[in-house]
Structures are given as C-alpha cells and as structure tokens.
Amino acid sequence: MNQLDSELVLGALASEDYKPTESVQDADLVLLNTCSVREHAEDKVYSALGTLKRLKRKRPELVIGVVGCMAQMDREAILSKAPHVDLVLGPGQIDHLPAFVRQVLGGENGRRKVLATEQKEVRFARNIRARPDPNQAFVEVIRGCDVHCTFCVVPMTRGPEYSRRPEDVLAEVQALADDGVREVTLLGQTVDHYGKDFRNGYGLGELLRDVASIDGIVRVRFITSHPRYLDDRILAAISDTPKVCPYLHMPLQSGSDAVLARMKRKYDMARYRDRVARARETIPGVSIASDFIVGFPGETAEDFEASVRAILEFRFSNSFIFKYSPRPGTAAVEFPDDVPPEEKKRRNQVLLAVTNRVREEEHRSMLGSLVDVLVEGISKRDPAKYMGRTRTNHIVCFDGQPELVGQEVSVKLASATTLTLFGERTKAEATDIVRG
C-alpha cells in the first residue's frame, strides 16, 4: 500500500511540474512516505528527519514533509520532535498534496506549517503515467479496515472500509493497459472483503474476472487476504481465470488459537486450515504466503511452538516474520508486554530459519521444471542477469536482453538459493510450462 501511496505522491507532484532528483542534495522538496505499523519504521523516519535538519540549516528554503500513516498517527509529535518539518499529511490527503505545498510556499515570510490529517472523502485520483515501472502497476480497490485487530493501527490511519466502484477500477486498469501495463495488483488491507458494502453480490471474485478480461493485461494479482473473508467465489475465480495468478498472501499471525483470540483476528486455526485446504483443492499448484508476529503479549513458549508447527504444516512459500511492538492507540498497548526483547529476537530468528528451510525444500522440488516468467528488469544482486517472477510469485534470474522486459518467457530451473531460483531460457511449448 505504501508503494502505491508513493506513486500517487509522484503523480500529484508531476502535475505541478516537480520531477524526482537523483540526490536529496538537489531537491527543493523532500517528502518521507511513512508507515506506523511497527516502531522500527518510525525510528527510521526520525533518523532521516535528523539528517534533513542539518541540510535545512544550509538551505532554509528546502521544504520538508512527512506523509502517510505515521503522519496520521503522530502528527503533533512530529512537529514537536522535528520543528523543521513544514508539512504533515495523512494518507487521506495525498490527492490534495499540490495545494498544501503551495500553501507552505505562500505562508508568512515565505513559510508556513501545514497540518492536514483529517480523513477526507474517499477519492482515487491518479496520474496514470507517474509510476516507476512501465509494465506493472498497483490499483487500490478497497481502502481502510473494519477488522480492528488489537495490534493494528490501520483502522486509525486509513479509516473504515470503503470499496471502490467496479466501473472506476476497470476504467483505471483499462487506462493502465492502454499505457503499456502488463500486470496489475489489486490492493486492499482486507482485499477479499471488497464489495461487501455494495450489498449486491458483486465481490472480489467478480472483479478479478472483469479485470482479467481487459485486453493487454496478462497477469492479475491481489493482496492482502484475510482468512475470514476468503470465500469460494474468489478461489473459483483464480482457478477458472488463467490471467489471475495462483498466489495468496493470507497472514496467519500466530498458530495459537489463544493468541489469535487476543489479537481479535476473528478466525481460529480450524478456519485457517479449512481455507488452505479449500484453496489447494480448488487451485492446483497455488502458492500461499503468510505473516507472523512473535512475542505478542501473553505468547507462551507453547503458543510460539504452535506457530512453528503451522509453518511446517502449511508449507508456506514465504512467511514474513515480525517482532511485536506496542503501537499507541491500539487495544494491545494496554496488554502487558511480557515477552522480553531477547526472547522476541530469538523467536523471530527461529521462525525465519524454519521459513527458510521450507522455502529451500520447495525450491529444490521445482528444479528441472519449466516456469513462465514475466521479466521485470536487471537483477539487483547480479547486474549480468535479468529477473522476473513466476505466476506463483517466485523470483527467477536468468540470462536475458533489454527487449525482454515486460515479456513472458519460459525458463528451465537449474539451481536455487533460499530467496531465488536460477535457470535458462528455453523455447518451450505452452503445454510444457507448469503453472508457476
């Protein structure tokens, strides 16, 4: 979601003839797009603001802004701790960014603080061409969240759920396709709850089919799914629609029913197990990724071991592991933070090791197979190679040429590391390619 917000910021500023700079030293305007889900992210923001303070002493005309979820949650604290900040803008105000920048520049003595964090009416304005990747794009389809997990700030930073009208989504995807986009990812904090506010039966499953019908789009993805709302219509749409990628990001957060209850996740292990089984029954070869929080208040050693067992049971293609940190304004901040920091660190490392082991085993099982890869560009780790992703979201590196970017190629997998698969391009018939 933050990546899309950054694209929206770039698009809004492009309308005012602002252009990105190669170096912060050359900038007239510096905006930090922030996240407040975890404390570590906020610490990095204040560190960056400290660096910018020194730059502003040398260049007082520099405009510094903080946008996004941290701006929404900690607006007064930001201005108190970093008085050199000129603009604090919540995620609901990004559409109005150019006006607020003008307000800063037109203030008394050429300077005026702007604090704009109230949740405005939901708008989904976008500059189609202001995006870093010509072949891939994110499209927000539902904003906000109504789940209210005890650890999460999203309902406070992004407001209640609001589904975007399907005709607006389809118009944006059509415009993106006309501009050369090949793959779209539909975004939402609980994307599988899309359409519930319509009350007419139109949901994510129907939207996936409609988006996939647009000429020029070759792949459709969506994130993030909540286990409570992943219904059979969504699974059927993935199974029946070749353009929809067989990949689910469905956070579990904990393998313990007791912890899930304290988190108010609104499902238990039985429900999660049912959804995984149903997905694998409906969509052969589906890849499932998950999230886990370790060290949540009250998490016992037995609770933690349940998370270890869950990763081994469900064989996730990837698991994103996070150490719990109390977030102001959430219900969990009132719980005793009773897992010591060193134990949180240990549990984090254990789950990462288990995740990596499962992923390595999966990668080894894929060697020798042919996969269809959408080429994204030059590999960051090896500039001599190109990289792309399979339909199941596996990263693949191979020898390639610039003209392949944005194209689908067949790759025979030959070797692997924990994170990456390596292979060689091959002229395979479509029937030889696994649904990877």
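Residue numbers for the sequence shown follow the numbering used here, so the first one is 6 and each next one is one higher.
We treat Cβ as the ideally placed atom computed from N, Cα and C, and that holds for glycine.
Should residue i go down as buried or exposed, given a rule of 16 or more other Cβ atoms within 10 Å for buried?
i	result
Glu47	buried
Ala315	buried
Val216	buried
Gln30	exposed
Arg59	exposed
Asn205	exposed
Asn114	Confidence at Asn114 is low in this model, with a pLDDT of 47, below 50, so the placement of that residue is unreliable and no value is reported for it.
Thr397	buried
Leu424	exposed
Gly373	exposed
Asp437	Confidence at Asp437 is low in this model, with a pLDDT of 38, below 50, so its placement is unreliable and no value can be given for it.
Asp79	buried
What separation, rounded to the nearest whole angstrom, lies between the Cα atoms of residue i and residue j?
i	j	result
Leu37	Thr287	42 Å
Ser52	Pro88	14 Å
Val174	Leu18	22 Å
Val338	Thr155	8 Å
Asp10	Ile99	8 Å
Pro302	Pro346	12 Å
Asp475	Ser420	Because residue 475 is not part of the residues shown, which for the chain are 6 to 441, the question remains open.
Met392	Glu44	32 Å
Lys63	Gly55	14 Å
Val106	Leu67	12 Å
Glu341	Lys201	The residue you asked about is not Glu; residue 341 is Pro in the sequence shown. One C-alpha to the other measures close to 35 Å.
Ala389	Leu409	14 Å
Pro247	Asp279	24 Å
Ser324	Pro165	27 Å
Ile69	Leu34	6 Å
Tyr23	Pro137	15 Å
Gln406	Leu357	34 Å
Gly149	Tyr167	6 Å
Leu120	Glu27	28 Å
Ile83	Val90	8 Å
Select from the options the residue whose C-alpha is nearest the C-alpha of residue i.
i	options	result
Arg394	Pro407, Val380, Asp387, Glu27	Val380
Val291	Arg276, Pro256, Tyr252, Ser259	Tyr252
Arg283	Ile298, Val42, Leu235, Glu307	Leu235
Gly382	Val401, Ile293, Glu367	Val401
Glu1	Gly221, Val225, Asp220	With the chain running from 6 to 441 in the structure shown, residue 1 is simply not present.
Glu443	Lys349, Phe321, Arg332	Outside the modelled stretch of the chain, which goes from 6 to 441, sits residue 443, for which no answer is possible.
Lys417	Ala176, Val376, Asp404, Asp343	Val376
Cys74	Ser322, Arg163, Gly16	Arg163
Ala311	Gln258, Arg270, Arg362, Ala242	Gln258
Val344	Thr335, Ala336, Pro331, Leu356	Pro331
Leu13	Asn132, Lys86, Lys58	Asn132
Could you check where the alpha helix (DSSP H) with residue i kicks off and where it finishes?
i	result
Ser370	346 to 371
Thr56	44 to 63
Ile383	Counting along the chain, Ile383 falls outside any alpha helix (DSSP H), though it belongs to the beta strand (DSSP E) covering 375 to 383.
Ser244	237 to 245
Phe203	Note, Phe203: premise wrong, no alpha helix (DSSP H); not H, not E.
Arg170	Run containing Arg170: none; DSSP gives neither H nor E here.
If I follow the unbroken beta strand (DSSP E) through residue i, where does it start and stop?
i	result
Cys402	400 to 403
Gly73	68 to 73
Ser292	292 to 299
Thr39	34 to 39
Val152	Where Val152 is concerned, there is no enclosing beta strand (DSSP E), given that its DSSP letter is neither H nor E.
Ala421	413 to 421
Ser324	323 to 328
Arg278	Element bounds for Arg278: not the beta strand (DSSP E) but the alpha helix (DSSP H), 274 to 287.
Please work out which residues of its chain come closer than 7 Å, Cβ to Cβ, to residue i, disregarding the five sequence neighbours upstream and downstream, and give them in chain order.
i	result
Arg285	Val291
Asn7	Asn38, Cys40, Gly73
Asn353	Val299, Ile326, Lys328
Thr192	According to the sequence shown, residue 192 is Leu rather than Thr. Only Met6, Leu9, Phe143, Val144, Glu145, Val146, Ile228 meet the Cβ criterion.
Pro171	Tyr207, Leu212, Asp215
Pro256	Thr229, Ser295, Asp296
Any C-beta of chain D sitting closer than 8 Å to the C-beta of residue i?
i	result
Asp273	Absent from the structure: chain D. Only one protein chain is present.
Identify, in the order they occur along the chain, each residue of the same chain with its Cβ nearer than 6 Å to the Cβ of residue i, setting aside the five sequence neighbours on each side.
i	result
Ala135	Leu15, Gly16, Ala19
Met371	Leu418
Thr190	Phe143, Arg226
Met161	Gly334
Val359	Val313, Ile316
Using a Cβ-Cβ cutoff of less than 8 Å, which residues in the same chain neighbour residue i once the five nearest sequence positions on both sides are dropped?
i	result
Glu429	Phe403, Asp404, Val416, Lys417, Ala419
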